[in-house]
Amino acid sequence: MPTYKAPLEDMRFVLHELFDSTSRAVLPGNTDFSRDLIDSILDHASRLTEDVLFPLNQQGDLEGCVLENGRVRTPSGFKKAYKIFCDGGWTAMSASPDWGGQAVPISVAMMVDEMLCSSNVAFALYPGLSRGAYVALSHVGGENLKEIYLPNLVSGKWSATMCLTEAHCGTDLGMLRTRAVPKEDGSYGISGDKIFISAGEHDLTENIIHLVLARLPDAPAGVRGISMFLVPKFLPKKDGTPGPRNGVQCTALEHKMGIHGSATCTMNFDNATGWLLGEPNKGLAGMFTMMNVERVAVGMQGLGIAEVAYQNAVLYARERLQGRSLRGPKAPTKPADPIIVHPDIRRMLLTMRAYIEGCRAVACWVGNELEVLQKSDDIDAKLMAEDFSALMTPVVKALFTDLGFEIASLAVQVYGGHGYIRDHGVEQFLRDARISMLYEGTNGVQALDLVTRKLPHDRGRLLSRFFGPVVGFIEQQSQNRVLEPFLPQLRRAVEHLQSATSFIAENAPSNHDEAGAASAEYLRLFGLVALAFVWTRMASISAPRIEEPGHRGKFYRAKMRTAQFFMDRLLPQTGALLAAIQSGSKIMMEFEDTAF
Ligand SMILES: Cc1cc2nc3c(=O)[nH]c(=O)nc-3n(C[C@H](O)[C@H](O)[C@H](O)COP(=O)(O)OP(=O)(O)OC[C@H]3O[C@@H](n4cnc5c(N)ncnc54)[C@H](O)[C@@H]3O)c2cc1C
12 MPTYKAPLED MRFVLHELFD STSRAVLPGN TDFSRDLIDS ILDHASRLTE DVLFPLNQQG
72 DLEGCVLENG RVRTPSGFKK AYKIFCDGGW TAMSASPDWG GQAVPISVAM MVDEMLCSSN
132 VAFALYPGLS RGAYVALSHV GGENLKEIYL PNLVSGKWSA TMCLTEAHCG TDLGMLRTRA
192 VPKEDGSYGI SGDKIFISAG EHDLTENIIH LVLARLPDAP AGVRGISMFL VPKFLPKKDG
252 TPGPRNGVQC TALEHKMGIH GSATCTMNFD NATGWLLGEP NKGLAGMFTM MNVERVAVGM
312 QGLGIAEVAY QNAVLYARER LQGRSLRGPK APTKPADPII VHPDIRRMLL TMRAYIEGCR
372 AVACWVGNEL EVLQKSDDID AKLMAEDFSA LMTPVVKALF TDLGFEIASL AVQVYGGHGY
432 IRDHGVEQFL RDARISMLYE GTNGVQALDL VTRKLPHDRG RLLSRFFGPV VGFIEQQSQN
492 RVLEPFLPQL RRAVEHLQSA TSFIAENAPS NHDEAGAASA EYLRLFGLVA LAFVWTRMAS
552 ISAPRIEEPG HRGKFYRAKM RTAQFFMDRL LPQTGALLAA IQSGSKIMME FEDTAF
């Protein structure tokens, strides 16, 4: 049986020590969020995830969801857990107090998200989608709709979905066909079929709110003709409680590779009553407010699964006895040494650890900037935070989820053949991790977004929000002797990223395929530099504390060693990625289609 223990010590380290928590505390609305309160939120979340959600994870995978007479039954225990989740106020965590929320700092909420995804990513999807819908509705919804729907989403009484995908259009939403016909009372009749809709139907809440992309009769073709509609499963009565059934049905459940506890539904809208959200034909922009929240959240799915996979791999590596250490027996009284003595096992464990702790630190960095964007009164600070988070959203989504899958795969490798067998539960992590690279825009699409939209934006303005602090830190710390083993590697990696950026800037305008061909490697290179930056900062904080007595000293020593491992064994990939990028698109694009 797999186990899970929330990594609270590392979460507290990134939240309180790595980043200046006082700058978070002075933001409007944040004064109550003292260090003690934040720690208490993390403690409560750890108990919820370890004791309530994680025990349902394996069973939820085995049972999956069942569709009967148009109703979807979630796995045993999900309903009770969802009630505990709502009663604990977790659905209200990031919402505004205006609608019954708690406005918990975003970086703290992201750590809670990580725990939710480590413990039970299939369960976490249900409230996760409601949070995205809350954001979209609060941005573009009219006051009357907000008053009916937002408090119910925040309390968790009602949940939400995002309905974009149709059988013939996933990435290319410009082709979508679902129609919206205006009615005399100001509402719309929505008709069409959507596929792959997460949480489209289930038994956890009394109502489900679908945010649906559809076309008005006179809409222009393509993405400029898409509008967003709110379509409830039950039409609310005057008193706000669920009334008559609307014309929306789940017609099938997808049978899929992982996240079996999450209901992935085919939905039919048959002249269902809906209300326009935002302006006609501007639905994609409205939906993107939801998708940007979801993209960061999906990134946290990658991190969450990576953490639980790592923890189990470490435990197994300590227990499994196979072979002897290359330098002579380490456990001579036993028939063999534990596999943790083998360099290859240690390489895998340290690779997992270095990526996980690095991603957690990057997540906190991005979360703090999102917090400034949401709560600051300072217009300039807000603009900078907006630029930074726009730049980092595709990086967090794609880097974290690519690594989540790679790390889950490494965990299987540490277990050997036993990792491939169901009993240990690690193969579930690998299966559950795979979807996060696909939905909310595939990782290929994230990389394209980074290279074709974010990089050239306003002649590199967004990019400067990243290079500014990184280059500034390198200059500021150039005399810091403690960082001598780190700064040259960080500097070299930044140079690789700058060269890759210049290559794309010079070549893509005359041949757009150059941007596409470079995009996946560029995103990984970018991510590695972001990780190197946070690792160097973590080293600068940890170095003076390695002699602290007891457990704390051990924590900081482990940080220093993991930082060194990242710099020496993982960061050098930037050179190879740069070489691949500079080789250009020709080799791929001139390969004859028929020769594949
Ligand atoms: C379990 C699950 C849950 C989901 N939940 C939801 C949900 O709640 N709501 C919802 O609306 N959708 C949902 N989806 C759909 C998901 O978002 C899409 O599957 C995804 O966006 C990709 O679309 P597609 O599958 O049609 O792939 P396609 O768009 O057909 O893409 C196929 C391949 O082509 C690549 N590609 C496509 N276009 C380009 C391009 N222009 N340039 C370069 N490469 C390109 C893609 O990266 C991909 O590798 C879910 C899917 C699954 C499997």
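Heads up, the sequence shown is in my numbering, so the first residue is 12 and it goes up one at a time.
Glycine included, C-beta positions come from ideal geometry on N, C-alpha and C.
All of these numbers come straight from a predicted model, not from anything done at the bench.
- With a cutoff of 7 Å on beta-carbon distance, Phe478 and Met578 are scored as not near each other.
- In this chain, the beta strand (DSSP E) harbouring Asp204 covers Tyr199 to Ser209.
- 7 Å or more divides the Cβ of Gly111 from the Cβ of Ala120.
- Distance from the CA of Gly75 to the CA of Ala135, rounded to the nearest whole angstrom, comes to 14 Å.
- As summarised for the stretch 32 to 86, the continuous beta strand (DSSP E) elements at least 3 residues long and confined to that stretch are 77 to 79 and 82 to 84, given in chain order.
- At least one heavy atom of ligand 1 lies less than 6 Å from the C-beta of Phe207.
- In this structure the stretch 251 to 261 does not lie against the stretch 231 to 239, because fewer than three pairs of beta carbons, one per stretch, are closer than 8 Å.
- Checking the 6 Å criterion, the Cβ of Leu26 is out of range of every heavy atom belonging to ligand 1.
- Going by DSSP, Thr262 is part of the beta strand (DSSP E) stretching over Val259 to Leu264.
- In chain order, Thr277 and Asn279 place their CB closer than 6 Å to the CB of Thr262, counting only its own chain and leaving out the 5 sequence neighbours on each side.
- The three-state reading of DSSP puts Ser130 in helix, counting H, G and I together.
- Taking C-alpha positions only, Arg556 is separated from Ser45 by approximately 24 Å.
- Not a single heavy atom of ligand 1 lies less than 6 Å from the C-beta of Val319.
- In the three-state DSSP reduction, Arg256 falls in the strand class (E or B).
- Within the same chain, Ala56 come within 6 Å of Val123 by CB-CB distance, once the 5 residues on both sides are set aside.
- By the criterion of a C-beta distance shorter than 8 Å, Thr463 is surrounded in its chain by Ala519, His523, Ala526, Gly527 and Ser530, once the five residues flanking it on both sides are discounted.
- Selection Gly269, Val37, Arg572 and Ala587 evaluated against Ser510 yields Ala587 as nearest (Cα-Cα).
- The closest CA to that of Phe514, considering only Asn80, Ala210 and Gly595, is found on Gly595.
- With respect to the 7 Å criterion, Gly269 and Ile446 are classified as neighbours on the basis of their beta carbons.
- For Ala374, same chain residues with a beta-carbon under 6 Å away, outside a window of 5 residues either side, are Met121 in chain order.
- Using a Cβ distance threshold of 7 Å, Glu382 and Ser400 do not count as a contacting pair.
- In the structure shown, the three-state DSSP call for Asp413 is helix.
- Per DSSP, the beta bridge partners of Lys293 are Ile237.
- Note that the C-beta distance between Ser129 and Tyr15 is below 7 Å.
- Placement of the Cβ of Thr85 at a distance of 6 Å or more from every heavy atom of ligand 1 is found.
- Distance from Ile367 to Leu421 at the Cβ level is roughly 11 Å; contact not present, criterion being Cβ atoms closer than 8 Å.
- Closer than 6 Å to some heavy atom of ligand 1: that describes the Cβ of Val456.
- Glu495 carries a coil assignment under DSSP once its states are collapsed to helix, strand and coil.
- Within the model, the alpha-carbon separation for Gln70 versus Pro86 is close to 8 Å.
- Where His562 is concerned, the enclosing alpha helix (DSSP H) starts and stops at Gly561 to Phe576.
- Within the model, the alpha-carbon separation for Met12 versus Ile219 is close to 34 Å.
- Judged by beta-carbon spacing, Ala283 lies within the 7 Å limit of Gly258, meaning their Cβ atoms are closer than that value.
- By the criterion of a C-beta distance shorter than 7 Å, Gln584 is surrounded in its chain by Leu539, once the five residues flanking it on both sides are discounted.
- DSSP places His523 outside both helix and strand once states are collapsed to three, so it counts as coil.
- Taken through DSSP and simplified to helix, strand or coil, Asp281 comes out as strand.
- Taking all protein chains in view, the Cβ of Arg371 is crowded by 16 or more other Cβ atoms within 10 Å, so the residue is classified as buried.
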